[in-house]
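Student: Residue numbers (the working numbering): 142 to 406.
Ideal placement from N, C-alpha and C gives every residue a C-beta, glycine not left out.
Every value quoted in this text rests on a predicted model; they were computed, and no experiment measured them.
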């Protein structure tokens, strides 16, 4: 179990409030990773996955229990806070690709976490959401490879490939890295998966429009492309699900993130 001793009472109060109000949620993050990979590492928060439409119910349940909540980013993230302890309430991803839907729940894995019977976010959905995290300060590629290494023989690869529809090369890139990192474990990934992903045509922009899909991987490192070099941000319609307002808010938060990091140093 992740080392979160100091925050355990708060985490339990959050889980208890949601269970009492029968608000559906899944446990993800370090707790789910520990179950699937047997990697036990310290974590600063508890990650819960909920459907987007259930955020209001989550907020009501927690506030009724005296727990402070905040909708940090309306397109993907809310928080429950108590001093330095926090619970991330995740209903999508920062790039608006890996949205929590019914399949997260139907495919969830039963577990006991902090004294409560809960469902864990499925390993396929963890791979899906983590595969897009390629920031300067955070890269979840090792998590993806460890999930494949430890759970790959039981993964539903058809379902996983379906999750990456339109982003097949992102998964393919991680599989190439997997074969490099673990040259003796390549049989874990079915051969037809690589063939299937490689066979999908690389989608282009519309006509003469130059498209940058790098913004799906990092909210910061490809801003120069869309701001100065004339590329279209693929996160925005008609290519992606992020509205210009949501993208602007997500981008403006970069400065706040680095300001907090500087204060911690």
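What residue range does the beta strand (DSSP E) around residue 220 cover?
Tutor: Locating residue 220 in the chain shown gives position 79, where the first residue counts as 1. Element bounds for residue 220: 218–223.
Student: So is residue 325 buried or exposed if we call it buried at 16+ other beta carbons inside 10 Å?
Tutor: Sequence index remark: in the chain shown, residue 325 carries index 184 (1-based). Exposed.
Student: Can you look up residue 249 in the DSSP assignment and give me helix, strand or coil?
Tutor: One-based indexing of the chain shown puts residue 249 at position 108. DSSP places residue 249 in coil when its eight states are reduced to three.
Student: Residues in its own chain within less than 7 Å of residue 235 by CB, not counting five upstream and five downstream?
Tutor: For the purposes of this step, residue 235 is taken as the residue at position 94 of the chain shown. Excluding positions up to five away in sequence, the list reads 217, 360 and 391.
Student: Output the boundary residues of the beta strand (DSSP E) element that contains residue 226.
Tutor: For the purposes of this step, residue 226 is taken as residue 85 along the chain shown, with counting starting at 1. It spans 226–231 - the beta strand (DSSP E) in which residue 226 sits, taken as one unbroken run.
Student: Around the Cβ of residue 374, are there at least 16 other Cβ atoms within 10 angstroms (buried) or fewer (exposed)?
Tutor: Position 233 of the chain shown, counted from the first residue, corresponds to residue 374. Answer is buried; the Cβ neighbour count reaches 16.
Student: Which residue wins for smallest C-alpha separation from residue 253, given the options 173, 368 and 320?
Tutor: The residue labelled residue 253 in the question sits at position 112 within the chain shown. If we check each option's Cα against that of residue 253, 173 comes out closest.
Student: If you check the beta carbons only, do residue 241 and residue 193 fall under 8 Å apart?
Tutor: What you label residue 241 is simply residue 100 of the chain shown in a count that begins at 1. What you label residue 193 is simply residue 52 of the chain shown in a count that begins at 1. Yes; because the gap between Cβ atoms is below 8 Å, this pair is in contact.
Student: When DSSP builds the beta bridges, which residues end up paired with residue 186?
Tutor: For this step, residue 186 is matched to residue 45 along the chain shown. Answer is 227.
Student: Out of 203, 306, 271 and 201, which one is the CA nearest neighbour of residue 289?
Tutor: Along the chain shown, read from residue 1 onward, the residue named residue 289 stands at position 148. Answer by Cα proximity: 271.
Student: Within 10 angstroms of its Cβ, does residue 243 collect 16 or more other Cβ (buried), or is it exposed?
Tutor: For the purposes of this step, residue 243 is taken as residue 102 along the chain shown, with counting starting at 1. Result: exposed.
Student: By the 10 Å Cβ neighbour count, where 16 or more other Cβ atoms means buried, how is residue 268 classified, buried or exposed?
Tutor: Here residue 268 is taken as the residue at index 127 of the chain shown, counted from 1. Classification for residue 268: buried.
Student: Which class does residue 352 belong to by DSSP, given the choice of helix, strand or coil?
Tutor: As a working note, residue 352 is residue 211 in the chain shown. Residue state, collapsed to three classes: strand.
Student: Alpha helix (DSSP H) containing residue 172: first to last residue?
Tutor: On the chain shown, position 31 is the one that residue 172 refers to. Its alpha helix (DSSP H) spans residues 170–178.
Student: For the beta strand (DSSP E) that residue 151 lies in, which residues bound it at each end?
Tutor: Locating residue 151 in the chain shown gives position 10, where the first residue counts as 1. From DSSP, residue 151 is part of no beta strand (DSSP E) but of the alpha helix (DSSP H) over 149–161.
Student: Whole angstroms is fine: what's the gap from residue 159's alpha carbon to residue 232's?
Tutor: Your numbering for residue 159 matches position 18 in the chain shown. Your numbering for residue 232 matches position 91 in the chain shown. Going from the Cα of residue 159 to the Cα of residue 232 covers about 15 Å.
Student: When you compare the CB positions of residue 312 and residue 319, do they come within less than 8 Å of one another, or not?
Tutor: Walking along the chain shown from the start, residue 312 turns up at place 171. Walking along the chain shown from the start, residue 319 turns up at place 178. No, these two residues do not count as a Cβ contact at 8 Å.
Student: Could you pull the start and end residues of the alpha helix (DSSP H) that residue 204 belongs to?
Tutor: Counted from its first residue, the chain shown places residue 204 at position 63. Run containing residue 204: 196–205, per the alpha helix (DSSP H) assignment.
Student: For the alpha helix (DSSP H) that residue 272 lies in, which residues bound it at each end?
Tutor: Start at 1 with the first residue of the chain shown, and residue 272 comes out as number 131. That residue, residue 272, is in no alpha helix (DSSP H); it is neither H nor E in DSSP.
Student: Is residue 379 buried or exposed, if buried means 16 or more other CB atoms sit within 10 Å of its CB?
Tutor: Within the chain shown, residue 379 is the residue found at index 238, counting from 1. When all chains shown are included, residue 379 counts as exposed.
Student: Could you pull the start and end residues of the beta strand (DSSP E) that residue 164 belongs to?
Tutor: Locating residue 164 in the chain shown gives position 23, counting from the first residue. Where residue 164 is concerned, there is no enclosing beta strand (DSSP E), given that its DSSP letter is neither H nor E.
Student: How would you label residue 356, buried or exposed, when you count the other beta carbons within 10 angstroms and need 16 or more for buried?
Tutor: For the purposes of this step, residue 356 is taken as the residue at position 215 of the chain shown. So residue 356 ends up on the buried side.
Student: Below 6 Å CB to CB, which residues in the same chain sit around residue 250 once its five sequence neighbours on both sides are set aside?
Tutor: For the purposes of this step, residue 250 is taken as the residue at position 109 of the chain shown. Hits under 6 Å: 261.
Student: Are the CB atoms of residue 286 and residue 315 nearer to each other than 8 Å?
Tutor: The residue labelled residue 286 in the question sits at position 145 within the chain shown. The residue labelled residue 315 in the question sits at position 174 within the chain shown. Yes; because the gap between Cβ atoms is below 8 Å, this pair is in contact.
Student: Alpha carbon to alpha carbon, how far is residue 190 from residue 167? Give it in angstroms, no decimals.
Tutor: Here residue 167 refers to the residue found at position 26 of the chain shown. Here residue 190 refers to the residue found at position 49 of the chain shown. Distance between the alpha carbons of residue 167 and residue 190: 5 Å.
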